[in-house]
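For reference, the structure discussed in these notes is given below.
There are 2 protein chains.
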Amino acid sequence: MDNLNEIFRLDQNSKSRNFPKGSILQHQGDFPVSSYIVKQGLLKSYTIDEKGKEHIFMFAPEGWIVADIESQIFEQPAELFIECLEDSEVIVFNGDLTDTSGLNKEHLTKQIQLMLRRIGTLQRRLIMMMSAPAIKRYEYFVKIYPNLPNRIPQKLIAAYLGITPEALSSIRSKLLKSK
Amino acid sequence: MDNLNEIFRLDQNSKSRNFPKGSILQHQGDFPVSSYIVKQGLLKSYTIDEKGKEHIFMFAPEGWIVADIESQIFEQPAELFIECLEDSEVIVFNGDLTDTSGLNKEHLTKQIQLMLRRIGTLQRRLIMMMSAPAIKRYEYFVKIYPNLPNRIPQKLIAAYLGITPEALSSIRSKLLKSK
DNA sequence: TGCATTTCTTAATCTAGATTAATGCAAGGA
DNA sequence: TCCTTGCATTAATCTAGATTAAGAAATGCA
Chain A
3 MDNLNEIFRL DQNSKSRNFP KGSILQHQGD FPVSSYIVKQ GLLKSYTIDE
53 KGKEHIFMFA PEGWIVADIE SQIFEQPAEL FIECLEDSEV IVFNGDLTDT
103 SGLNKEHLTK QIQLMLRRIG TLQRRLIMMM SAPAIKRYEY FVKIYPNLPN
153 RIPQKLIAAY LGITPEALSS IRSKLLKSK
Chain B
3 MDNLNEIFRL DQNSKSRNFP KGSILQHQGD FPVSSYIVKQ GLLKSYTIDE
53 KGKEHIFMFA PEGWIVADIE SQIFEQPAEL FIECLEDSEV IVFNGDLTDT
103 SGLNKEHLTK QIQLMLRRIG TLQRRLIMMM SAPAIKRYEY FVKIYPNLPN
153 RIPQKLIAAY LGITPEALSS IRSKLLKSK
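Going down the list, the sequences are from chains A and B. No gaps in the numbering here: position 28 of the first sequence is 30 in our numbering, and each next residue is one more. No gaps in the numbering here: position 117 of the second sequence is 119 in our numbering, and each next residue is one more.
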């Protein structure tokens, strides 16, 4: 993994900070919106809908970047909450990803690679969400994040898959029985 | 709108080509995968699931770029079909978006802006798909693409929203009655 | 213009997953 | 250790949207 500090326009003295499990780094409605690079630990970004239900946009383990890009690019208050699922070490990048001043060609090229990867992942996720039943989405989740199922509670996996914990529980029991 | 020809690494002599309505520019399984810049007309990119059902990933009117970025970045055969919904003028960009050689800083910066915008749009769409009922997704679609509803058949809107044409029809009649 | 094909609507039934609720379990704190 | 609190499971009921089917309206083409 390239050093993400290098690729993005970080202050010389931007240091990583430690946050205990449960810390909320960003609330819905915050403005302006920061970006976060995870050095150690695990974050989630999510929304709460008008019924109070949580929907997880993404998990971010070590080496991942988390940002509410929709809010940044449209210069709106944050849509997403960002929260630590474990004690985490995070670089808080004040300023958004749209500011690329002071970066050289190599940096920009690497940023493009990261963004294309993110777009590809979102494309897959959206297509799965539209076309695949919950059981397929669960199997895909396990394949892509083999280490996460043991690291986070089931109800968070359910919130990521777009189903209830009860539905996930019955899917899992079906999968166990079918073996 | 910046000239997209400039921003991307196009051959000097890459010319736009005309395709009649119904032309399929890319089939699922094609390899390698091209990118497409729409000069005039309207394209759709979509998958067909194992039950034969169509799911529209995006519509691309004039000025939009269409590419199966997931397949490009992971170097896999195309996942998406790409088809003309109207007679269209399209620049076929042989080679994928991951190749940025020969571009200068300004080009790369503009590419990053376009990609962030795409990520922001996908973020919103995914969150809506997870958390909003079909009627809200329809209202959002109409808000974002005010000219498309009169330009494409309803069943395509349904395939974009992730519901059946029948469900969309009943949503629309509910909206009409409530006025 | 007329005919064929596709699209849209309406309605009856069906189903994946939501909701509600009750129970058992594991983990952390005093 | 007990006690609380959050998590997982199971089961009964409910609902948004799917499926099926049939007719009406619109569109394209000879």
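Where is the CB? At the ideal position from N, CA and C, for every residue including glycine.
- Message: Would Q115 (chain B) pass as an interface residue toward chain A - the criterion being a Cβ-Cβ separation below 8 Å?
- Response: yes
- Message: What residue range does the beta strand (DSSP E) around S90 (chain A) cover?
- Response: 90 to 95
- Taking 8 Å as the CB-CB cut-off, is F21 (chain A) touching chain B? no
- Item | Within the segment 32 to 78 of chain B, ranges of the beta strand (DSSP E) (whole runs, at least 3 residues) | 37 to 42, 44 to 50, 56 to 63, 67 to 69
- Query: Looking at the C-beta of K107 (chain B), does it have a partner C-beta in chain A at a distance below 8 Å?
  - Reply: yes
- Query: Taking Cβ positions only, does R119 (chain A) come closer than 8 Å to chain B?
  - Reply: yes
- Query: Within 10 angstroms of its Cβ, does K17 (chain A) collect 16 or more other Cβ (buried), or is it exposed?
  - Reply: exposed
- Message: Can you tell me whether Q156 (chain A) is buried or exposed? The criterion is at least 16 other CB atoms within 10 Å of its CB, across all chains shown.
- Response: exposed
- Task: Consult DSSP for L99 (chain B) and reduce its assignment to one of helix, strand or coil.
- Result: coil
- Query: If we cut at 8 Å on Cβ distances, does D51 (chain B) have a partner in chain A?
  - Reply: yes
- Message: Please identify, using Cβ separations under 9 Å, the residues of the segment 72 to 92 of chain B that lie next to chain A, in order along the chain.
- Response: E72, S73, Q74, I75, F76, E81, L82
- Which whole-angstrom value describes the C-beta separation of T49 (chain A) and Q28 (chain A), a residue pair presumed to lie in contact below a C-beta threshold of 8 Å? Between Q28 (chain A) and T49 (chain A) the Cβ distance is about 12 Å, and since that is not below 8 Å, they are no contact.
- Query: Is it true that the CB of Y140 (chain B) sits closer than 8 Å to the CB of S163 (chain B)?
  - Reply: In the sequence as presented, Ser is not what sits at residue 163 (chain B); that position holds Leu. For L163 (chain B) and Y140 (chain B), yes; Cβs fall inside 8 Å.
- Simplified DSSP state of Q30 (chain A), which is helix, strand or coil: coil
- Message: Quick check on I84 (chain A): does DSSP put it in helix, strand or coil?
- Response: strand
- When the cut-off is 8 Å and only beta carbons count, does M3 (chain A) lie next to chain B? Bear in mind that the predicted position of M3 (chain A) carries a pLDDT of just 45, short of 50, making it too unreliable to give a figure here.
- Where does R19 (chain A) sit, in a helix, a strand or coil, going by DSSP? strand
- Message: So, for I173 (chain A): in the same chain, excluding its five sequence neighbours on each side, which residues have a beta-carbon less than 7 Å away from its beta-carbon?
- Response: A136, I137, Y140
- Query: H57 (chain A) and A160 (chain A): beta carbons closer than 8 Å?
  - Reply: no
- Message: Taking 8 Å as the threshold (beta carbon to beta carbon), is H57 (chain B) in contact with chain A?
- Response: yes
- Query: Within the chosen definition, does the segment 94 to 109 of chain A reach the segment 35 to 46 of chain A through at least 3 CB pairs nearer than 8 Å?
  - Reply: yes
- Query: Which stretch, first to last residue, makes up the alpha helix (DSSP H) that contains T123 (chain B)?
  - Reply: 107 to 133
- Query: So, is the C-beta of L128 (chain A) closer than 8 Å to a C-beta in chain B?
  - Reply: yes
- Compare the C-alpha of G104 (chain A) against each of A:N5, A:N7, A:R11 and name the closest. A:R11
- Whole angstroms is fine: what's the gap from M3 (chain A)'s alpha carbon to G65 (chain A)'s? Its pLDDT being 45, under 50, M3 (chain A) is placed unreliably in this model, and the coordinates cannot settle the point.
- Query: For I84 (chain B), which option in B:R120, B:F76, B:I71 has the closest C-alpha, if you only look at C-alpha atoms?
  - Reply: B:I71
- Task: Report the rounded CA-to-CA distance for Q42 (chain B) versus P63 (chain B), giving the unit in angstroms.
- Result: 7 Å
- List the residues of chain B that G2 (chain A) touches, going by C-beta distances under 9 Å, in chain order. Since the first and last residues shown for chain A are 3 and 181, residue 2 (chain A) lies out of range.
- Message: Among A:E88, A:Q125, A:N7, A:R119, whose alpha-carbon lies nearest the alpha-carbon of L150 (chain A)?
- Response: A:E88
- Query: When the Cα of I129 (chain B) is compared with those of A:G54, A:P22, A:F59, which residue comes out closest?
  - Reply: A:F59
- Query: Would DSSP call Y162 (chain A) helix, strand or coil?
  - Reply: helix
- Integer Cβ distance of L6 (chain B) from S47 (chain B), believed to fall under 8 Å: In fact, because the Cβ distance is near 17 Å, the residues do not count as touching under 8 Å.
- Item | Element boundaries [alpha helix (DSSP H), containing S25 (chain B)] | Here S25 (chain B) belongs to no alpha helix (DSSP H), and DSSP marks it neither H nor E.
- Message: For a contact defined as C-beta to C-beta under 7 Å, what are the partners of E110 (chain A) on chain B?
- Response: Residue identity differs from the one stated: residue 110 (chain A) is Leu in this sequence, not Glu. Here the neighbours are K107, L110, T111, I114.
- Can you find a C-beta in chain A that's less than 8 Å from the C-beta of G122 (chain B)? yes
- Inter-residue spacing [alpha-carbon to alpha-carbon] between R19 (chain A) and M132 (chain B): 32 Å
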